[in-house]
Ligand SMILES: [Zn+2]
């Protein structure tokens with residue numbers, strides 16, 4: 009084992025999900041690709057006293073380098089502690105494609121992994137998820153699987169349409185695979201172009217309820233849950249960016265889901281939009297600027313400020329642990 013996650017100060021997701029479900033909030037899983045995004049995420053969560061899952065896709069891990077990721081996660085824990093906050097921090101692989109990738113992530117300090125077998129048959133998905141769960145549990149690493157298919161683009165995976173999770177399948181899936189949490193499809197989608205203006209994006213909270221009845225208390229995960237804040241879309245456009253008109257999942261619907269058995273909500277796009285808006289604004293206002301600290305710094309601050317509002321409005325996780333300064 010190159011890095012045992014416990015030596016990095018990280019925890020798996022078991023306790024944080026239990027506490028979240030008992031107290032009617034959900035844990036944010038925010039994706040990061042670089043140091044500034046990591047800083048924005050951990051500073052926001054530490055200052056709000058919210059548990060946090062730092063999340064990396066395979067693509068993000070390749071981009072940063074697998075040697076970099078565990079040390080950035082360790083640094084995140086240190087930042088929270090230096091601020092005086094005791095929030096638990098997990099490091100999760102987002103959309104693990106296969107067993108070998110999972111093994112490598114556990115070798116390199118991940119405390120949680122997702123195995124995405126959602127594009128395979130029900131039986132194949134169970135078999136893949138079970139193999140991963142049996143392996144990961146030897147190292148006390150928690151495992152997320154997915155049932156149902158989300159529309160949108162995630163790394164290289166493109167799906168045209170949502171295939172809603174079938175409530176009648178979840179009990180068998182969870183029992184046979186032995187996973188610790190389950191991502192479901194109830195109308196969220198990946199990427200920035202979720203819905204067109206004029207659409208009425210609705211989560212199928214009725215399906216969520218049915219699923220909860222089948223597996224009471226079991227931690228549910230929602231992917232693709234960005235709300236695509238219009239203020240950042242406008243800012244990006246104002247400063248020369250090109251974005252198609254798009255809207256995301258309304259915060260109120262995500263808040264409702266947070267109060268249920270949904271224990272983890274993934275947000276990536278919103279952070280990317282805030283970060284990009286910050287960079288574009290600096291370049292627009294100060295075209296002579298070429299010190300990376302001067303445009304990445306404000307981008308980080310914007311992302312951090314946005315995530316703080318999101319923790320209060322959507323996740324409900326503010327104050328679950330000691331707030332840092
Ligand atoms: Zn996803």
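In the working numbering, the protein residues as written are 9 to 333. Every residue gets a Cβ at the ideal spot worked out from N, C-alpha and C, and that includes glycine. Just so it is clear, the structure is predicted and the values come from calculations on it, not from any experiment.
For residue 231, the shortest C-beta to heavy atom distance toward ligand 1 is below 6 Å. Taking all protein chains shown into account, residue 47 has 16 or more neighbouring C-beta atoms within 10 Å of its C-beta and is therefore buried.
The C-beta distance from residue 306 to residue 286 rounds to 5 Å, short enough to meet the 8 Å contact threshold. In the displayed model, residue 93 falls within coil according to three-state DSSP, outside both helix and strand.
Boundaries of the beta strand (DSSP E) harbouring residue 271: 270 to 275, taken from the DSSP string. In this structure, residue 141 lies near residue 185, with their beta-carbon atoms less than 7 Å apart. In this structure, residue 216 keeps its C-beta atom at 7 Å or more from the C-beta atom of residue 273.
With at least 16 other beta carbons inside 10 angstroms of its own, residue 290 counts as buried.
For residue 307, the enclosing alpha helix (DSSP H) covers residues 300 to 318. Under the three-state reduction of DSSP output, residue 257 falls in the coil class, being neither helix nor strand. Of the candidates 219, 227 and 240, the residue whose Cα lies closest to the Cα of residue 200 is 240. In terms of CA proximity to residue 147, 119 leads the group 179, 85, 220 and 119.
Secondary structure note for residue 63: it is in no alpha helix (DSSP H), and the uninterrupted beta strand (DSSP E) holding it is 60 to 65. When DSSP reads this structure, residue 282 sits in no beta bridge, so it has no partner. Between residue 159 and residue 125 a beta carbon distance of about 18 Å is seen, past the 8 Å cut, so the two are scored as non-contacting. A contact is defined here as three or more CB-CB pairs under 8 Å, and the segment 11 to 20 fails this definition with respect to the segment 28 to 43. In the three-state reduction of the DSSP assignment, residue 102 falls in the strand class, which pools E and B.
Of the residues 75, 250 and 183, the one whose Cα lies closest to the Cα of residue 115 is 75. Runs of the beta strand (DSSP E) spanning 3 or more residues and lying entirely within the segment 111 to 172 occur at 120 to 123, 150 to 155, 159 to 162 and 165 to 167, in chain order. It is roughly 16 Å from the alpha-carbon of residue 196 to the alpha-carbon of residue 205. Looking from the CA of residue 326, the closest CA among 18, 28 and 144 belongs to 28. Distances from the alpha-carbon of residue 69 to those of 109, 83, 20 and 249 put 109 closest. Taking C-beta separations shorter than 6 Å and ignoring five residues to either side along the sequence, the partners of residue 32 in its chain run 267, following chain order. Boundaries cannot be given for residue 234, as no alpha helix (DSSP H) includes it and DSSP labels it neither H nor E. For residue 181, the secondary structure class from DSSP, reduced to helix, strand or coil, is helix.
In this structure, DSSP gives residue 19 a state outside helix and strand, which the three-state scheme calls coil. The beta carbons of residue 85 and residue 17 sit closer together than 7 Å.
Close CB contacts of residue 223 within its chain, under the 7 Å cut and outside five residues either way in sequence, are with 178, 179 and 182 (chain order). In the DSSP assignment, residue 190 falls within the unbroken beta strand (DSSP E) covering 189 to 192.
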